[in-house]
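Note sheet for the following structure.
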Amino acid sequence: VLYKVTDKQVEYMDPGDGQMHKVSPEVFKEMWTGVLVLLMPNDEFKAINQKVSTWSRFWFLVRPHQAVMFQSLVGAVIYTILGLSTSIYVQKIIDHVFIGRNVNLLNLLSVAMIVLLILQIVIGVFKTLFIIKVGQRIDARLILGYYKHLLTLPQRFFDTMRVGEIISRINDAVKIRAFINDVSIGFLVNVFIVFFSFALMFTFYWKLALVMLLVVPFYALIYWVTNMLNKKIERRLMEESAELESQLVESITAAGTIKRFGAEDHANIKTEIRFVSLLKTVYQSGLNNIFSGTSSETVSRLFTIILLWVGAGYVLKNEITPGELMSFYALTGYLTGPVSSLIGMNKTIQNALIAADRLFEIMDLEVESAEDTFPIKKEDVGDIHFKNVSFRYGSRANVFDSLSLVFPKGKISGVVGESGSGKSTLVSLLQNLYPLQSGNIYIGEHDIKFINNASLRQLVSVVPQRIDLFAGNVLENIALGDYQPDMQKVVSICNRLGMMGFIESLPNGFGTYLGENGAALSGGQKQRIAIARALYRDPEILIMDEATASLDPDSEQFVQQTIRMLAAEGKTIIFITHRLAAVQDFDRLYVLDKGKLIEEGNHLELLDKEGKYFDMIRKQLVVL
83 VLYKVTDKQV
93 EYMDPGDGQM
103 HKVSPEVFKE
113 MWTGVLVLLM
123 PNDEFKAINQ
133 KVSTWSRFWF
143 LVRPHQAVMF
153 QSLVGAVIYT
163 ILGLSTSIYV
173 QKIIDHVFIG
183 RNVNLLNLLS
193 VAMIVLLILQ
203 IVIGVFKTLF
213 IIKVGQRIDA
223 RLILGYYKHL
233 LTLPQRFFDT
243 MRVGEIISRI
253 NDAVKIRAFI
263 NDVSIGFLVN
273 VFIVFFSFAL
283 MFTFYWKLAL
293 VMLLVVPFYA
303 LIYWVTNMLN
313 KKIERRLMEE
323 SAELESQLVE
333 SITAAGTIKR
343 FGAEDHANIK
353 TEIRFVSLLK
363 TVYQSGLNNI
373 FSGTSSETVS
383 RLFTIILLWV
393 GAGYVLKNEI
403 TPGELMSFYA
413 LTGYLTGPVS
423 SLIGMNKTIQ
433 NALIAADRLF
443 EIMDLEVESA
453 EDTFPIKKED
463 VGDIHFKNVS
473 FRYGSRANVF
483 DSLSLVFPKG
493 KISGVVGESG
503 SGKSTLVSLL
513 QNLYPLQSGN
523 IYIGEHDIKF
533 INNASLRQLV
543 SVVPQRIDLF
553 AGNVLENIAL
563 GDYQPDMQKV
573 VSICNRLGMM
583 GFIESLPNGF
593 GTYLGENGAA
603 LSGGQKQRIA
613 IARALYRDPE
623 ILIMDEATAS
633 LDPDSEQFVQ
643 QTIRMLAAEG
653 KTIIFITHRL
663 AAVQDFDRLY
673 VLDKGKLIEE
683 GNHLELLDKE
693 GKYFDMIRKQ
703 LVVL
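Each residue of the sequence shown is one higher than the one before, counting from 83 in our numbering.
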């Protein structure tokens, strides 16, 4: 996004990392593809609320658990203070026990240190338990909240987003939890340790403490450089991990197709390219870790040497005791450790910020509209009217342009046409999966855009071309979404469809586990389960999209008898197919061509017209 262009530089914002960049015009010309998109607000433009900051979202997650987090913080502080007592223990032993040969004081101090150690361990255990508890709650809130939100997003989101990319953002939630658990408490504790350590140093000897203050600018510089490096690399690492995960999910899901076409090498190469790219970024991230770790360790050791060097001089001058110098030395370990930890936390912070951007990018998407909608009852269902409906997928050409037709209630309607004529799109529009460009769809007297989606989809059952079966048994797949399936109803439907023989032939009947997407079933068996699933919902409107394409003649005959019985009961049946033999005795036929309704009538009426339907019949007879 261009912000400013001058003779000397181009200022732009990269949506990929959300950062502002400045480059010379020459560099920008090399980067630019030559495509410029101009965006201007129209009359329908409206400002949205300012985006909530990432830190506000973190606080929203932590706020319900602030009491437990506070307890963990207090525990961590006490744990740290008890740990710092070691430096005092060392100083007392050197200055008092060794010099005074005081065995009683040694025993007293040692017993006290053991008691403090046990107390420190107990506090540490409870602190960890509190953090684990908070982590689980945050995980549940993030991951389950993300998943629930996903299911409410419009269908066009799933049409454009790869499955692996969606799943990778669940992994992002773990990085956010790690930040809240480890960094939020650890950061405060480490800052406390730094200040407390310096305070103790100043109580021992202020001159030596001032020497140690010189270490702060060096650590600040290391943190700043590490932050700049991590900002760039960690985002790329996360995005490339998502790309690899998308490729793996896609190739494993389509493993059968890859094998049938002998495309294993092609799939391997695509995966290898993404994996090699990821490895390069992992290497860069590793180099950043080496830099931050090595540089902070170098500074720590260097200043430890300086401390002992300068401190020994003060001991020789009798300005401090050897015990106080050793206490300084012990405190240096407590000081440099937390400072190095603060630098190391930068990566976790950057990971959390990037993960939050990616996760909340999805969470901020608008869900399917539920405002100003109402539920529809069975008695409200009437004829289905498409009135001047225009629709397109994204920015593609229109699928429908002012389409108008009527599906009468209680009748069997057939929709036929060549591939790409828009037959299956009717199904999606009737279930309100996509918004219309213009026009209206009515069920009875009600416009579906004002009907609650849950009630609409309860009344409209679809047997789609692509059958999705879930990991579970046959009964669970037929009675999908019903926690207490009506077994009598399921058996009645299966008998009506003539599929009880098939069910009984399975190892455990209705209890047979199908596996992911019913991998062990044939296409016809999947279709029969899908038809039974649609009928189980007792819909007022049943849409069958090429639902008998994989059925044998006997099974198809059972389905035909079933839909006639449903029509006799007042149900509306819409049968979409390219097999014209299946629709010849239907009440009404609609012929679509390139998104337009070009013919309608029953079988004999359309034959008399000798139009598109007549040509399709003739072509299929020739093929036969």
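All residues carry an ideal CB built from backbone N, CA and C; glycine is no exception.
| field | Segment contact flag, the region 280–297 with the region 455–462, C-beta cutoff 8 Å, min 3 pairs | value | Output reads no: the region 455–462 does not touch the region 280–297.
| Hey, I525 and A649 are a contact pair by Cβ (cut 8 Å); roughly how many whole angstroms apart? | That pair is no contact at about 17 Å.
| request: Return the first residue and the last residue of the alpha helix (DSSP H) that Y411 is part of. | output: Here the alpha helix (DSSP H) through Y411 covers 404–445.
| Where does E622 land, buried or exposed, given buried means 16+ other C-beta within 10 angstroms? | Classification for E622: buried.
| query | Going along the chain, which residues of its own chain have a beta-carbon closer than 6 Å to the beta-carbon of I176, five neighbours each way excluded? | reply | P404, G405, M408
| Same chain, Cβ closer than 7 Å to F442, five either side skipped, listed in chain order | Excluding residues within five positions, the ones whose Cβ falls inside 7 Å are R139.
| said: Considering only the alpha carbon of each residue, which of Y618, L485, H528 lies closest to I680? | reply: L485
| Can you tell me where the beta strand (DSSP E) with S604 in it begins and where it stops? | DSSP places S604 in no beta strand (DSSP E); its state is neither H nor E.
| message | For the beta strand (DSSP E) containing T654, name the first residue and the last one. | response | 654–658
| Per-residue burial, D254 [other beta carbons within 10 Å of its own, 16 or more giving buried] | With 16 or more other Cβ atoms inside 10 Å of its own Cβ, D254 counts as buried.
| request: Would you check if the distance between the CB atom of L633 and the CB atom of G606 is smaller than 8 Å? | output: With contacts defined as CB atoms closer than 8 Å, L633 and G606 qualify as a contacting pair.
| task | Check whether the Cβ atoms of R610 and L562 sit closer than 8 Å, and answer yes or no. | result | no
| said: Looking at M698: is its Cβ nearer than 8 Å to the Cβ of V481? | reply: no
| Is there at least one non-hydrogen atom of the ligand FMN closer than 7 Å to the beta-carbon of K86? | Of the ligands one can find in the structure shown there are none, so the ligand FMN has no counterpart to examine.
| Between the Cα of R259 and the Cα atoms of I213, L232, F277, which residue gives the shortest distance? | I213
| task | Compute the beta-carbon to beta-carbon distance between V392 and L282, rounded to the nearest angstrom, for a pair I have assumed lies under 8 Å. | result | No, V392 and L282 are not in contact; Cβ-Cβ is about 17 Å, not under 8 Å.
| field | Straight-line Cα distance separating A324 from F592 | value | 38 Å
| request: Count the other CB atoms, across all protein chains shown, that sit within 10 Å of the CB of R615; report buried if there are 16 or more and exposed otherwise. | output: buried
| task | May I ask which residues mark the beginning and end of the alpha helix (DSSP H) holding E638? | result | Start and end: 635–650.
| task | Just tell me which of F261, V156, Y171, L199 has its CA closest to the CA of W141. | result | F261
| field | For F468, three-class secondary structure by DSSP | value | Strand.
| request: Grab me the residues of L706's own chain with a C-beta within less than 8 Å of its C-beta, minus the 5 sequence neighbours each way, in chain order. | output: Annotation note: pLDDT 43 at L706 (below 50); position unreliable, no value reported.
| task | List in chain order: all unbroken alpha helix (DSSP H) runs of 4+ residues lying wholly within the region 327–352. | result | 337–342, all fully within the region 327–352.
| message | Here's a check: name, in chain order, each residue in its chain whose Cβ is nearer than 6 Å to the Cβ of G496, leaving out the five neighbours to either side. | response | Cβ within range, chain order: F657, V665, F668, L671.
| query | For the candidate residues V276, H103, I458, whose alpha-carbon lies nearest to that of V83? | reply | Closest option to V83, judged by alpha-carbon separation, among V276, H103, I458: H103.
| query | Which class does F532 belong to by DSSP, given the choice of helix, strand or coil? | reply | helix
| query | Which two residues bound the contiguous beta strand (DSSP E) that contains L487? | reply | 482–489
| message | Considering Cα atoms alone, identify which of K215, N470, R251, G246 is closest to D483. | response | N470
| field | Where L221 falls: helix, strand or coil (DSSP) | value | Note that residue 221 is Asp in the sequence shown here, rather than Leu. The answer is helix: DSSP assigns D221 an H, G or I state.
| task | Specify whether the region 558–575 and the region 511–527 touch according to this definition: at least 3 beta carbon pairs, one from each stretch, less than 8 Å apart. | result | no
| query | By a C-beta neighbour count over all protein chains shown, 10 Å radius and 16 as the cutoff for buried, is G504 buried or exposed? | reply | buried
| Where DSSP assigns a beta bridge to M102, which residues make up the other side? | Residue pairing by DSSP places M102 opposite M95 in a beta bridge.
| Assigned exposure category for G157 - 16 Cβ within 10 Å defines buried | buried
| query | Taking C-beta to C-beta, are L319 and T363 nearer than 8 Å? | reply | yes
| query | By Cβ distance below 6 Å, which residues in the same chain neighbour D529 in space, the five residues on each side in sequence not counted? | reply | N522
| So D439 packs on T136, CB below 8 Å; how close in whole Å? | 7 Å
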